[in-house]
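So the structure is just underneath, and the comments pick up after that.
There are 2 protein chains.
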Amino acid sequence: MRAELLAVGDELLYGDIVNGNAAWLGRQLADVGVDVATSTVVGDEIETIATAIRAALARADAVVLTGGLGPTQDDLTREGIAAAAGVGLRRNDFLEAELRRRFQAMGRDGSALPAMNFRQAELPDGAQPLPNTAGSAPGVRMEIGAGVVYAMPGVPFEMTAMFTASVLPDLLRRAGQPAVVVHRVLRTAGMWESVVAEALAAEVDRLAPIGNPRIAFLASGGQTRVRITARARDRAEAEALIAPVETAARAALGAGVYGGDEDSLESVVLGLLGARGATLAVAESLTGGLLAAALTDVPGASAVLRGGVVSYATEVKASALGVDADLLATEGAVSARTAAAMAAGVRERLGADYGLSTTGVAGPTEQEGKPVGTVHLGLAGPDGTITRSVLLPGDRPRVRTNAAVAALDLLRRTLAGLPDGDLVTGGERTSGGSRD
Amino acid sequence: MRAELLAVGDELLYGDIVNGNAAWLGRQLADVGVDVATSTVVGDEIETIATAIRAALARADAVVLTGGLGPTQDDLTREGIAAAAGVGLRRNDFLEAELRRRFQAMGRDGSALPAMNFRQAELPDGAQPLPNTAGSAPGVRMEIGAGVVYAMPGVPFEMTAMFTASVLPDLLRRAGQPAVVVHRVLRTAGMWESVVAEALAAEVDRLAPIGNPRIAFLASGGQTRVRITARARDRAEAEALIAPVETAARAALGAGVYGGDEDSLESVVLGLLGARGATLAVAESLTGGLLAAALTDVPGASAVLRGGVVSYATEVKASALGVDADLLATEGAVSARTAAAMAAGVRERLGADYGLSTTGVAGPTEQEGKPVGTVHLGLAGPDGTITRSVLLPGDRPRVRTNAAVAALDLLRRTLAGLPDGDLVTGGERTSGGSRD
Numbered sequence: 001m002r003a004e005l006l007a008v009g010d011e012l013l014y015g016d017i018v019n020g021n022a023a024w025l026g027r028q029l030a031d032v033g034v035d036v037a038t039s040t041v042v043g044d045e046i047e048t049i050a051t052a053i054r055a056a057l058a059r060a061d062a063v064v065l066t067g068g069l070g071p072t073q074d075d076l077t078r079e080g081i082a083a084a085a086g087v088g089l090r091r092n093d094f095l096e097a098e099l100r101r102r103f104q105a106m107g108r109d110g111s112a113l114p115a116m117n118f119r120q121a122e123l124p125d126g127a128q129p130l131p132n133t134a135g136s137a138p139g140v141r142m143e144i145g146a147g148v149v150y151a152m153p154g155v156p157f158e159m160t161a162m163f164t165a166s167v168l169p170d171l172l173r174r175a176g177q178p179a180v181v182v183h184r185v186l187r188t189a190g191m192w193e194s195v196v197a198e199a200l201a202a203e204v205d206r207l208a209p210i211g212n213p214r215i216a217f218l219a220s221g222g223q224t225r226v227r228i229t230a231r232a233r234d235r236a237e238a239e240a241l242i243a244p245v246e247t248a249a250r251a252a253l254g255a256g257v258y259g260g261d262e263d264s265l266e267s268v269v270l271g272l273l274g275a276r277g278a279t280l281a282v283a284e285s286l287t288g289g290l291l292a293a294a295l296t297d298v299p300g301a302s303a304v305l306r307g308g309v310v311s312y313a314t315e316v317k318a319s320a321l322g323v324d325a326d327l328l329a330t331e332g333a334v335s336a337r338t339a340a341a342m343a344a345g346v347r348e349r350l351g352a353d354y355g356l357s358t359t360g361v362a363g364p365t366e367q368e369g370k371p372v373g374t375v376h377l378g379l380a381g382p383d384g385t386i387t388r389s390v391l392l393p394g395d396r397p398r399v400r401t402n403a404a405v406a407a408l409d410l411l412r413r414t415l416a417g418l419p420d421g422d423l424v425t426g427g428e429r430t431s432g433g434s435r436d
Numbered sequence: 001m002r003a004e005l006l007a008v009g010d011e012l013l014y015g016d017i018v019n020g021n022a023a024w025l026g027r028q029l030a031d032v033g034v035d036v037a038t039s040t041v042v043g044d045e046i047e048t049i050a051t052a053i054r055a056a057l058a059r060a061d062a063v064v065l066t067g068g069l070g071p072t073q074d075d076l077t078r079e080g081i082a083a084a085a086g087v088g089l090r091r092n093d094f095l096e097a098e099l100r101r102r103f104q105a106m107g108r109d110g111s112a113l114p115a116m117n118f119r120q121a122e123l124p125d126g127a128q129p130l131p132n133t134a135g136s137a138p139g140v141r142m143e144i145g146a147g148v149v150y151a152m153p154g155v156p157f158e159m160t161a162m163f164t165a166s167v168l169p170d171l172l173r174r175a176g177q178p179a180v181v182v183h184r185v186l187r188t189a190g191m192w193e194s195v196v197a198e199a200l201a202a203e204v205d206r207l208a209p210i211g212n213p214r215i216a217f218l219a220s221g222g223q224t225r226v227r228i229t230a231r232a233r234d235r236a237e238a239e240a241l242i243a244p245v246e247t248a249a250r251a252a253l254g255a256g257v258y259g260g261d262e263d264s265l266e267s268v269v270l271g272l273l274g275a276r277g278a279t280l281a282v283a284e285s286l287t288g289g290l291l292a293a294a295l296t297d298v299p300g301a302s303a304v305l306r307g308g309v310v311s312y313a314t315e316v317k318a319s320a321l322g323v324d325a326d327l328l329a330t331e332g333a334v335s336a337r338t339a340a341a342m343a344a345g346v347r348e349r350l351g352a353d354y355g356l357s358t359t360g361v362a363g364p365t366e367q368e369g370k371p372v373g374t375v376h377l378g379l380a381g382p383d384g385t386i387t388r389s390v391l392l393p394g395d396r397p398r399v400r401t402n403a404a405v406a407a408l409d410l411l412r413r414t415l416a417g418l419p420d421g422d423l424v425t426g427g428e429r430t431s432g433g434s435r436d
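Taken in sequence, the protein lines are chains A and B. Numbering-wise (full-length UniProt numbering), the first sequence opens with residue 1 and increments by one. Numbering-wise (full-length UniProt numbering), the second sequence opens with residue 1 and increments by one.
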């Protein structure tokens, strides 16, 4: 089975928007083993669209098209498909009734529907409409010769819903392939991407030798996601294919896995704290607010997070967090003992159950003779204070982002009683006291 | 002049990366009036590449190609161009010498250069190399019939440098068009995009009626950029075209313009403070660390920023910032007077010349009976404390981001003695005292 992607729209050619639809569709089709050899973008012109469709069908069995299905005069995909097939357009009674119903549902007179909107009720003669569950423009399915064209709206959330519900099942049926695709995502923190890939290499060969399920690694923002994709005749069969791979992957990745597709590291950490009725405060130096900003991005964070202190100037570490001035003078602002004192200080001053801290060298230049990427983390809680040290690669933004991830992961692993991650290069328990 | 874009790489077809190069090139070509009717992506296959080049040259005068120029065996663009032209590959002595020189410059024996790397010294017979100032893979310029193919590396920063230095001037020469393109960017804050566009509408018609210079608006992250693009025979002529438009645009936008292309709002604010030897501290509620994180993203921020307090819990506003508990009880955490007290409190407690604060409702639900988007800003300085109130549209992330931008813009306008921005719905001077 070979497919081609075709996107219609001047705004794509002019670079006003990036063709993210093609990347998403490319991943979906690769996941189910459909070969995509060419992806094309053309402007809003009937003959150009028709020529591109004919050229694609000369090379492939199916054309997956996005864009140009709206009601305005520069939406010409319907006309382009009709021209490629050598047929005319025909008003579809069902679609027309549906349009009137939608218009009336908005409290307006159905007989006053602007004539332009009726264009969305027209289909190339012989085509079938594809339902749009997320918007008004129906999709189009049109057989031309031995091939097929699927046209979907360019709006990403309308397109993805229509592809999953209508296009993919039909495409797989035509290919004689199973009709359901299920993804499972495992999210990891505290592991290098290469370590994640190596940990799973043997399992990939053993459990997914023929590419179903298929395993992919996606690294971004200091975290690595593992995506397991299975295709099967129905959901139960797909789940049965995924289950042993997921079990093996979780075993191989161990404490590195913090959650699934819907989770974020911040939401998992807030959930662990919320479940035990505990509160958190953060003290940041090199992350400079990133840690607090990530936590407060989660709606409802206020139930757990009391707040934070960004102690950027060294004197602020002493005045706002109570870090001992002698300690700062002898060990420096970038040290494990300073991280411990920051965590204990913010825990006490903001009245939280846990205090989490970061200090280090974000760059671009070294500081106190310590190299860029040096990071010390502190975690103070009811049972005392621990520190962890990591050496992070990359430029200033990457060091800062990864330091915030490492701090959240330290808190997650500590709360869950899990061992340290791969990135840790040193650490100790620096005090055993409690706040009260 | 008609051009087509062609990108080579399996990773684009599979959706592992998005084709951002096509969007960037589309904007560049639209800016200089070169028409792009089709943009294509093909995989790493010689015959597919050759077929795509031939098809593009049947429709257009030039093909702008990216990707497939590296040293490995799946980099097949050179072979694809040769096949399209019906010629062989030929080792280029100049490129070979250059490769050996680079290899030796890395401290390695030039005679031990891996054979695979020599592929980068091969060109289709009759082609000219295009210099790569940012990487090792040279570009290729090849005339085929009456058309021309420009092939550039897929790595964005290598591609953009090569396009600007070599491809665009050659393309414009062939088109009989001026050979230099100059951009000027004005960055604005505190203005709605529609207001920016309206303010310039008359100037666009008056000063740029024939599309040279061309004016574009780009809105993101709560800010709007205005890009003025001129094409001319040389840089001086382009600058002379831009100058009156830039002067008129600056006059029309007034205090909204905070800087040019290389600036960020954070760096401009830190620069204004640094120039007068002043320091800053921030107190954040709804922005939850975003303001501090934006400021500390700028290298060297530590010379100005003493630090910040994220006072997420209401009690922390009292305990860490000294906001009066009665005030919090009567007016609420989301109020102009609380913003003023937060700013004055963080200024005093962190020993800074200026204190800047945010409080408000980020959503998803209302708070204290105040709607999502309600934001109060406070700014305490040597001459007293002022507040500003804004009502921001959008969801939780947008309200938070725009609130941080509004706070920085308040500080910028106050330091520079400029009037308030469009977004301000209320404000007052709440106290006249100084810290000491």
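The beta-carbon is built from N, C-alpha and C at its ideal position, and this holds for glycine as well.
### Message
Taking the alpha-carbon of A340 of chain A as reference, which of A:G355, A:D326, A:A329, A:L350 has the nearest alpha-carbon?
### Response
Taking the first residue of the first sequence as position 1, residue 340 of chain A is located at position 340. Ranking A:G355, A:D326, A:A329, A:L350 by Cα distance to A340 of chain A puts A:G355 first.
### Task
With 8 Å as the threshold, decide whether the Cβ of A84 of chain B is near any Cβ in chain A.
Reading the second sequence from its first residue, position 84 is the one you call residue 84 of chain B. False, the Cβ-Cβ gap to chain A never drops below 8 Å.
### Message
If you measure between the beta carbons of E122 of chain B and R78 of chain B, is that distance less than 8 Å?
### Response
Position 122 of the second sequence, counted from the first residue, corresponds to residue 122 of chain B. Position 78 of the second sequence, counted from the first residue, corresponds to residue 78 of chain B. For E122 of chain B and R78 of chain B, yes; Cβs fall inside 8 Å.
#### Entry: Interface residues of the region 36-57 of chain B facing chain A [CB-CB below 8 Å]
V36, A37, T38, S39, T40, V41, V42, G43, E45, T48, A52, A55
### Task
Please confirm if the region 278-289 of chain A is in contact with the region 287-307 of chain B, defined as three or more CB-CB distances below 8 Å between the two stretches.
yes
### CB of A85 of chain B within 8 Å of CB of I144 of chain B, strictly
For the purposes of this step, residue 85 of chain B is identified with residue 85 of the second sequence, where counting begins at 1. For the purposes of this step, residue 144 of chain B is identified with residue 144 of the second sequence, where counting begins at 1. Yes.
#### Entry: Positions along the region 300-314 of chain A whose CB lies within less than 8 Å of some CB in chain B
A301, S302, L305, R306, G307, G308, V309, V310, S311, Y312, A313
### Message
List, in chain order, every chain B residue whose beta-carbon is nearer than 9 Å to that of P371 of chain A.
### Response
Within the first sequence, residue 371 of chain A is the residue found at index 371, counting from 1. Chain-order list of chain B residues neighbouring P371 of chain A: empty, with the shortest C-beta distance near 16 Å, by a criterion of under 9 Å.
### Closer than 8 Å at the beta carbon, the chain A residues around P364 of chain B
As a first step, residue 364 of chain B must be located in the second sequence, where it is residue number 364. Those within 8 Å of P364 of chain B in chain A are P299.
### Task
Determine the burial state of T224 of chain B: buried for a count of at least 16 other Cβ atoms within 10 Å of its Cβ, exposed for fewer.
Counted from its first residue, the second sequence places residue 224 of chain B at position 224. Within 10 angstroms of the beta-carbon of T224 of chain B lie 16 or more other beta-carbons, which makes it buried.
### Message
According to DSSP, simplified to helix, strand and coil, what is I210 of chain A?
### Response
For this step, residue 210 of chain A is matched to residue 210 along the first sequence. When DSSP states are grouped into helix, strand and coil, I210 of chain A belongs to the coil group.
#### Entry: Beta-carbon spacing of T385 of chain B, T430 of chain B below 8 Å
Within the second sequence, the letter at position 385 stands for residue 385 of chain B. Within the second sequence, the letter at position 430 stands for residue 430 of chain B. Closer than 8 Å, so yes.
### Interface residues of chain A facing L291 of chain B [CB-CB closer than 8 Å]
Here residue 291 of chain B refers to the residue found at position 291 of the second sequence. Within chain A, the residues near L291 of chain B are G289.
### Task
For the alpha helix (DSSP H) containing L162 of chain B, list its first residue and its last residue.
Your numbering for residue 162 of chain B matches position 162 in the second sequence. It is Met, not Leu, that sits at residue 162 of chain B in the sequence shown. Run containing M162 of chain B: 156-162, per the alpha helix (DSSP H) assignment.
### Task
Report the rounded CA-to-CA distance for L327 of chain B versus R396 of chain B, giving the unit in angstroms.
Numbered from its first residue, the second sequence carries residue 327 of chain B at position 327. Numbered from its first residue, the second sequence carries residue 396 of chain B at position 396. C-alpha separation (whole angstroms): 26 Å.
#### Entry: G254 of chain A to L270 of chain A span [Cα, whole Å]
Within the first sequence, the letter at position 254 stands for residue 254 of chain A. Within the first sequence, the letter at position 270 stands for residue 270 of chain A. Rounded to whole angstroms, G254 of chain A to L270 of chain A spans 21 Å at the Cα level.
### Query
By how many angstroms is the C-alpha of V182 of chain B removed from the C-alpha of G345 of chain A?
Locating residue 345 of chain A in the first sequence gives position 345, counting from the first residue. Locating residue 182 of chain B in the second sequence gives position 182, counting from the first residue. Whole-angstrom Cα-Cα distance: 53 Å.
#### Entry: In DSSP terms, what Q177 of chain A is bridged to
In the first sequence, counting from the first residue as 1, residue 177 of chain A sits at position 177. Paired residues: none, contrary to the question.
### Query
Is the CB-CB distance between A7 of chain A and I46 of chain A below 8 Å?
Position 7 of the first sequence, counting from 1, holds the residue named residue 7 of chain A. Position 46 of the first sequence, counting from 1, holds the residue named residue 46 of chain A. Not closer than 8 Å, so no.
### Task
Can you tell me which of the three DSSP states P138 of chain A falls into?
In the first sequence, residue 138 of chain A corresponds to position 138, counting from 1. In the structure shown, P138 of chain A sits in coil (DSSP, three-state: anything other than H, G, I, E or B).
### Message
Within 10 Å of its beta-carbon, does A336 of chain B have 16 or more other beta-carbons around it, so buried, or fewer, so exposed?
### Response
Position 336 of the second sequence, counted from the first residue, corresponds to residue 336 of chain B. Its Cβ being crowded by 16 or more others within 10 Å, A336 of chain B is buried.
### Task
Taking all protein chains shown into account, decide if S194 of chain B is buried (16 or more other Cβ within 10 angstroms of its Cβ) or exposed.
Along the second sequence, one-based indexing puts residue 194 of chain B at 194. Counting C-beta atoms within 10 angstroms of its own C-beta, S194 of chain B has fewer than 16 neighbours from the protein chains shown and is therefore classed as exposed.
### Query
Got a sec? Which residues, its chain only, sit under 7 Å from G433 of chain B by beta carbon, not counting five neighbours each side?
The count along the second sequence starts at 1 and reaches residue 433 of chain B at position 433. Its pLDDT being 48, under 50, G433 of chain B is placed unreliably by the model, and nothing is read from it.
### Query
Taking the continuous alpha helix (DSSP H) assigned at V244 of chain A, which residues delimit it?
Start at 1 with the first residue of the first sequence, and residue 244 of chain A comes out as number 244. A small correction: the amino acid at residue 244 of chain A is Pro; Val does not occupy that position in the sequence shown. DSSP places P244 of chain A inside the alpha helix (DSSP H), whose first and last residues are 235-253.
### Message
Determine, for L350 of chain B, whether the minimum Cβ-Cβ distance to residues of chain A falls below 8 Å.
### Response
In the second sequence, counting from the first residue as 1, residue 350 of chain B sits at position 350. It does: the Cβ of L350 of chain B has a partner Cβ on chain A nearer than 8 Å.
### Message
Comparing C-alpha positions only, which one of A:G26, A:M191, A:V268 sits nearest to A416 of chain A?
### Response
Translated into the one-based positions of the first sequence, residue 416 of chain A becomes position 416. Ranking the options by Cα distance to A416 of chain A, first place goes to A:V268.
### Task
Would you verify that the beta carbon of Y14 of chain A is, or is not, closer than 8 Å to some beta carbon of chain B?
Along the first sequence, read from residue 1 onward, the residue named residue 14 of chain A stands at position 14. Closer than 8 Å: yes.
### Message
For a test of the three-state rule: what should DSSP assign to D420 of chain B, helix, strand or coil?
### Response
Taking the second sequence and counting its residues from 1, one reaches residue 420 of chain B at position 420. D420 of chain B: coil per DSSP, three-state reduction.
### Task
With 8 Å as the threshold, decide whether the Cβ of N19 of chain A is near any Cβ in chain B.
Numbered from 1 along the first sequence, position 19 holds the residue referred to as residue 19 of chain A. With 8 Å as the cut-off, N19 of chain A counts as an interface residue toward chain B.
### Query
Using the C-alpha atoms, what's the distance from P71 of chain B back to V42 of chain A?
Position 42 of the first sequence holds residue 42 of chain A. Position 71 of the second sequence holds residue 71 of chain B. Cα to Cα, V42 of chain A sits roughly 31 Å from P71 of chain B.
### Message
Using only the alpha-carbon positions, how far apart do R2 of chain B and M342 of chain B sit?
### Response
Along the second sequence, one-based indexing puts residue 2 of chain B at 2. Along the second sequence, one-based indexing puts residue 342 of chain B at 342. Computed Cα separation, rounded: 59 Å.
### Members of the region 390-415 of chain B that neighbour chain A once the beta carbon cut-off is set at 8 Å
R396, P397, R400
### Query
Given G332 of chain A, which residues of its chain have a CB within under 6 Å of its CB, disregarding the five upstream and five downstream residues?
For the purposes of this step, residue 332 of chain A is taken as residue 332 along the first sequence, with counting starting at 1. The residues are E368.
### Query
Going by C-alpha distance, which of A:L13, A:L95, A:A283, A:A362 is nearest P138 of chain A?
Here the question's residue 138 of chain A lines up with position 138 in the first sequence. With distances taken between Cα atoms, P138 of chain A lies closest to A:L95.
### Message
What does the Cβ neighbour count give for P153 of chain B, buried or exposed, with the cut at 16 atoms within 10 Å?
### Response
On the second sequence, position 153 is the one that residue 153 of chain B refers to. Buried: at least 16 other Cβ atoms inside 10 Å.
### Task
For the alpha helix (DSSP H) holding T296 of chain A, just list the boundary residues, first then last.
Taking the first residue of the first sequence as position 1, residue 296 of chain A is located at position 296. T296 of chain A -> alpha helix (DSSP H) spans 290-296.
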